[in-house]
Amino acid sequence: MLRKKTNGVARRPQRTSILSEAANASVDRRAFLRGSGLVIGGLSAIAATGGTVTQASAAAGAAGKVDLKKSVCTHCSVGCTVVAEVQDGVWTGQEPGWDSPFNLGAHCAKGASVREHAHGERRLKYPMKKEGGEWKRISWEQAINEIGDGMMTIRDESGPDSVYWLGSAKHNNEQAYLFRKFAAYWGTNNVDHQARICHSTTVAGVANTWGYGAMTNSYNDIHNSKAIFIIGGNPAEAHPVSLLHLLRAKEQNNAPVIVCDPRFTRTAAHADEYVRFRPGTDVALIWGILWHIFDNGWEDKEFIRTRVWGMDQIKDEVARWTPEEVERVTGAPGSQLKRVARTMANNRPGTVIWCMGGTQHTNGNNNTRAYCVLQLALGNMGTSGGGTNIFRGHDNVQGATDLGVLSHTLPGYYGLSAGAWGHWARVWGEDPEWLAGQFAKTTGADGKEKSLQNLTGIPVSRWIDGILEDPDNMDNPDKVRAMVLWGHAPNSQTRMVEMKKAMEQLDMLVVIDPFPTVSAVLHDRTDGVYLLPATTQFETRGSVTASNRSLQWREQVIEPLFESKPDHEIIALLSQKFGFHDRIFRNIKLEEDGLTPEPEDTLREINRGMWTVGYTGQSPERIKKHMANQHTFDRTTLQAVGGPADGDYYGLPWPSWGPPEMNHPGTPNLYDMSKPVAEGGLTFRARFGVERDGENLLAEGVASAGSEIQDGYPEFTMQMLMDLGWDGDLTAEERAAIDGVAGPDTNWKTDLSGGIQRVAIEHGCAPFGNAKARTVVWTFPDPVPVHREPLYTNRRDLVADYPTYEDRKFYRLPTMYASIQKQDFSKDYPIILTSGRLVEYEGGGDETRSNPWLAELQQDMFVEINPRDANNLGVRDGSQVWVEGPEGGKVKVMAMVTNRVGEGVAFMPFHFGGHFQGEDQRSKYPEGADPYVLGESTNTAQTYGYDSVTQMQETKATLCKIWTA
C-alpha cells in the first residue's frame, strides 16, 4: 500500500522505504492508516477496506476522554473541515468533517495526513542563527533583539524600504491583517505574499471586468452547471475534493466536461472533450472558440445589450482569429473548437474554471479577461451554475489577498491613495501624520518629492531584483538589505540561480516558518541568517477564507509545540521591539499575557474597516455559529435550512453587507440579480465611471430583484442619498459619523457607520452601484486582450505578428520584454518547459515533503518527456537527465517518458527543493529539520518573465534543453 503504483506519477526503482532511509522509522499498513488519520470509515480508506464506507465514531477505541476540535485543512483553498481528536493535549487522530458542506466527509491525501504537520518531527523546534557556518540554538529574546537591532540600523542607514516583509497565504485572516498593518507601521509597501505569483493576474483581470477579483460562485454551485469548461487547471491533483462537486454535475446534469490544457492531466482523464494546445496561447484559443460563437449567433444578445460594455470591440479582435489562424498559433484544430463552442452554447449555464496554468504568463491578465469575456458572451454570469470559478491554491490565499498582504494596496483593495490611508487611519484610531512620517520620500522624474506611502512596493516576484538591481534604475531609495520570508517557500519562484546570489548579498535573512524551507540552504552564507519557529495553524485559532469567499473558524487543536510561537505573537514581539506595540493594538484586546492580540477582537477590527468587499458582517460569533451547525446548511445552495443560522449562506461569503447586527446572509453567487441585495443578490459593480467615449457604462433597464431603481446607477454616496431623498432613513448616529468624514462626499466604502450601505440595501440597491461589465480595460497595456508570444518562444515565425511588449518600468523596477524576445534561443533550447502541481505535495513542498505519509508516495523529482522527444534525445524512462533553461540554470532529475505531454513540451512539478544544480544540500539543514524528500526545483531552470499589469511570474511557457546525465 505504501509503494506508489505506476499510475501517472514518476516511477522509481524498488528500494528501501524512504521513511526508513531518512528517519529510521518502520511503517506498516495499520500505522499508516492510524497516523494519517485514515481510521476505518474515512473516505480515503476505500481501497483498504474494499467495501462501502460508513462513518466511524470519533471516539471509537479511544482510551480516556477525547476532545473534538474543528479546524480547516491547511493546504488548498477548498476549505475542508478537519475534526481533530485530542487526548490530554495530544492530537491522536482525525476524521474528515462529515457535516461540512465543502468536503462532505472527504479528504485528499494531504488533508488526510495534516495531523503529522502539527506533530511533525522535522519541524523547527527553537530559534536558531547561523554563525561561523554553524546553526546555533538561541532564545526568542536574543533573536528578537538581534533581528530588531539589525533592522533598525538598516532603517537608519537606508530607510524602511530596505527591509522587505514577505507575508503568507498560510496566515489566518487575523494574522494576515496584522501583518499588513505591521508593515504600514514600519513604514513600507515592500510587503507581499504568494498571491502575487499564483492569482494576481486573476484578481486584476476579473476585478477590472465586473468589480471584484474573486471566484464568483462556489464549488457547491457547480452542482447546477450544465457544462464545465476547465482551462489551465488540474483540480483532480491540485484541489482533489473539488472534483467531487464537478463530478456531481457531470453525473446529475449530464454536464459535458471540457478540459483545455497542454498536458493530459488526471483532470483531463475525466473530460468529455480534451483540447491540447500550445503553452502560452490561451487568448488565441478563447478567441477561436468565440469566433464560432459569434459566427453562428450563439451569443446572448440581450444579456450583452443590458449588462456588458465593449463587446463590439471584442468582436473586431475575434474576427481576426479564423479557425486556420487559431490552429497555426495554438495547434488546436478549428473543427474541435467549433464542437467546444457548440457544446458551451447548447449547455447553459456553464461554468469556466481556471488556475495557475492560465495566470502565470507575461500576458496573464489578458488570459483571465478573455475567460471572463467568454462567459459574458454566453450570458453565463450572475446565474447559478455559471460564473468564473477560480480555484485558489493555499488555504488562505483568498483571505490574505482580501486583507491586503500586497505591495499595491491596503486591506480591502482600497489602494494606496491618501483617501485609502485616511480611511484606515480612522479605523486604527491613528494619527495620519504620524503614520505618513513612518514612510520615506523620494524625488520623482518630474523633480517633485513624493511619499513612498502612496507608491506601489516591490512585488515578491521581483524581490531578488530589489537586491541585485542598481538603485539608480529603481524607484526604491536603496537596495533591499534585509529579507523576511514569513511562511513562504522561495523555491516556488523563478530565477533561483539569481535568487542564491541575492540571498548572499543581504545583510540579514530571516525565516519565520514551522519548517526551515529552502531559504535555509539555497545560499552559501555563513552568518546573518535567523530561523524562527512559527506554529502551524492547528496551534492557534482564527478565521480562514475559502475560494468561494466563505469564512470559517479554526479552533485551536493543541498548544504550541516545542518553542514555536503563533504568527500574531511574533508580530506583537517585533512591534514591541520597534516601539509601536501600544499604537498598533490600541483598539484590539490582548490575551492574558498583555502582549498578544486576541484573534476574535482582531476580526472585529477587520469588520469595522473592510466595507469595500463586505468583510463587515462576519463577526467571530456568527462564523463560530456556522462551524458549530454545519449540518444545517444545504449542500448545494449553502443556505441554512432552519437552525440557529437560518437563512445564512455557509461562511457568510463576502460581501456580507453592513455590521454583523444587520444579519446579511452573505452572497453565494456574485452578480446574481434574481435575488434582492438583502438576500444575497448583486449587480455588476460601478467602479469605472458612468460614461466612456459617450457611451453609457451603467446597466440598461435591469436591476436586482426588489430594487427601487430599475435601471443602472452609480456607486452610493451621501450626496446620492440626499438626491434620492433617502437620507432621512439614516439614524442620527450614522449621519454624525458621515458628517465627520466628508459629509456629502462620503461614499459607501469610507462610511464607518455603515449607514449608506444599510439605506441603499433597504431600498433594494447594491451599495457599489449597478453597471455593465466591461470587456475593454482602457487602463491596461492591452485594452482588448490580445495574444502575445512568450518571451522565450520557439515559434519565431509568430514573433513579428504577435510581439511582446516594449521594455518598461513599473512596481519600482525596470522590466524586460522585447529585449529578451528579440533573441532567438530556440535552436539551443528547442523544448517548451512548463510546470504544475502534484496531488501528494503542496506549494514549495517543505511541509508536505516533511510528512512521512506523503513523502512515501512521491520520492523523486522528475520531468515528463514525450516518447518521440525522449527517443530522439536517447533518454530512457527512469534515467537521470539534465534540464537546462536559456538563462543557464539547470537541474538533474529523473525522466518520465509519457504521452501526457505533447511533442516538444516538457513538464516538471514545482514542489521540490534541497538539491541545487545537481548538488544535494541535505547537510546544510539544521540537524533533524531536513525534509524526508529532497529534489531539484524546476524554478532553477525557469526564466525571466512578468505579467504586464501585476508582475506575475512566467512559469508555464519558457524553453529548455534536455540531455542524459
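Its first residue numbered 1, the sequence shown is counted upward by one per residue in the numbering used here.
For glycine and all other residues, C-beta sits at the position ideal for the given N, C-alpha and C.
On a predicted model such as this, the values are computed, not experimentally measured, just so you know.
Point to revise | Whole-number beta carbon distance between A238 and C80, since they are thought to touch under 8 Å | key: That pair is no contact at about 14 Å.
If you scan the stretch 298-352 from start to end, which runs of the alpha helix (DSSP H) of 4 or more residues do you find wholly inside it? 301-307, 311-318, 323-330 and 334-346
| Looking only at C-alpha atoms, which of G148, D727, I558 and H763 sits nearest to I571? | G148
- Is there contact between the stretch 273-282 and the stretch 307-322, where contact requires at least three CB pairs shorter than 8 Å? The stretch 273-282 is not in contact with the stretch 307-322.
TODO: Find the nearest neighbour of G399 within the set P783, P830 and T74, judged by alpha-carbon distance.
DONE: T74
Using only alpha-carbon positions, find the residue among G132, M128 and I154 that is nearest to Q142.
M128
| field | Reduced DSSP secondary structure (H/G/I, E/B, other) of F277 | value | coil
Task: Sequence-distant residues of its chain with Cβ nearer than 7 Å to G447 (five each side left out) - done: none
- If you count every other CB in all the chains shown that lies within 10 Å of the CB of P644, and 16 or more means buried, which is it? exposed
Taking the C-alpha atoms as reference points, what is the distance between Y817 and L603? Approximately 42 Å between the Cα atoms of the pair.
Review point. Counting along the chain, where does the beta strand (DSSP E) carrying Y530 start and finish?
Key: V529 to P533
In whole angstroms, what is the alpha-carbon distance linking T955 and W748? 39 Å
Quick one: complete alpha helix (DSSP H) runs, 4+ long, within the stretch 89-150? 115-118
In chain order, which alpha helix (DSSP H) runs of at least 4 residues are fully inside the stretch 687-729? Entirely contained in the stretch 687-729, the alpha helix (DSSP H) runs reaching 4 residues are, in chain order, 718-724.
request  = Can you tell me which of N189, I144 and L178 puts its alpha carbon nearest to the alpha carbon of S162?
outcome  = N189
Q.
Assess contact between the stretch 357-370 and the stretch 774-788, defined as three or more Cβ pairs (one per stretch) separated by less than 8 Å. Is contact present?
A. The stretch 357-370 is in contact with the stretch 774-788.
Query - Contact under 8 Å by Cβ, H171 with F182 - result: no
Which value, in whole angstroms, describes the spacing of the CA atoms of Y841 and R115? 15 Å
Could you check how far apart the C-beta atoms of R392 and S77 are, in whole angstroms? I think they sit under 8 Å. 4 Å
| said: Determine whether the beta carbon atoms of N966 and T267 lie at a separation below 8 Å. | reply: For residue 966 there is no data in the structure shown, the boundaries of the chain being 1 and 965.
Practice item. Check each candidate in A84, M151 and K125 and name the one with the smallest Cα separation from W140. Key: Closest by alpha carbon: K125.
Given 8 Å, three or more beta-carbon pairs between the stretch 483-495 and the stretch 423-442: no
#### Entry: Simplified DSSP assignment, three categories, for D582
DSSP places D582 in helix when its eight states are reduced to three.
Count the C-beta pairs between the stretch 346-353 and the stretch 373-387 that are closer than 8 Å, then say yes if the count reaches three, no if not. Three or more Cβ pairs closer than 8 Å define a contact, and the stretch 346-353 meets that threshold against the stretch 373-387.
Query raised in the report: Who are the Cβ neighbours of L590 in its own chain at under 7 Å, not counting the five residues just before and after it?
Result: T596, P597 and E598
Review point. So F179 is in the alpha helix (DSSP H); what residue range does that whole segment cover?
Key: N173 to W186
Margin query: Tell me which residue opens and which closes the beta strand (DSSP E) that W291 is part of.
Written below: Where W291 is concerned, there is no enclosing beta strand (DSSP E), although the alpha helix (DSSP H) it sits in stretches over D282 to D295.
>> On the criterion of 16 or more Cβ atoms from any shown chain inside 10 Å, does T964 qualify as buried, or is it exposed?
In response: exposed
Worksheet item: For I197, which three-state DSSP category applies?
Response: helix
Item to complete: For L376, I'd like the list of residues in its chain whose CB is within less than 6 Å of its CB, leaving aside the five on either flank, ordered along the chain.
Response: V308 and A773
Restricting to runs no shorter than 4 residues, where is the alpha helix (DSSP H) found entirely within the stretch 607-643? 620-628
(message) Whether or not the stretch 555-570 and the stretch 683-693 are in contact is what I'm after, with contact meaning three or more pairs of Cβ atoms, one per stretch, closer than 8 Å; do they touch?
(response) As far as the Cβ criterion goes, the stretch 683-693 does not touch the stretch 555-570, which means the pair count is below three.
### Task
Kindly give me the distance between the Cβ atoms of K65 and Q87, rounded to whole angstroms, as I take these residues to be in contact under 8 Å.
7 Å
Assuming R123 contacts A929 (C-beta within less than 8 Å), just tell me the rounded distance between them.
-> A Cβ-Cβ separation of about 7 Å places R123 in contact with A929 under the 8 Å criterion.
CB-CB length for D478 against L813, believed under 8 Å: Incorrect: roughly 14 Å between the Cβ atoms, too far for contact.
Q. Which residues in the same chain as L285 place their Cβ atom closer than 8 Å to its Cβ, once the five residues preceding and following it in sequence are excluded?
A. I231, C260, V275, F277, V326, T330, A332 and L337
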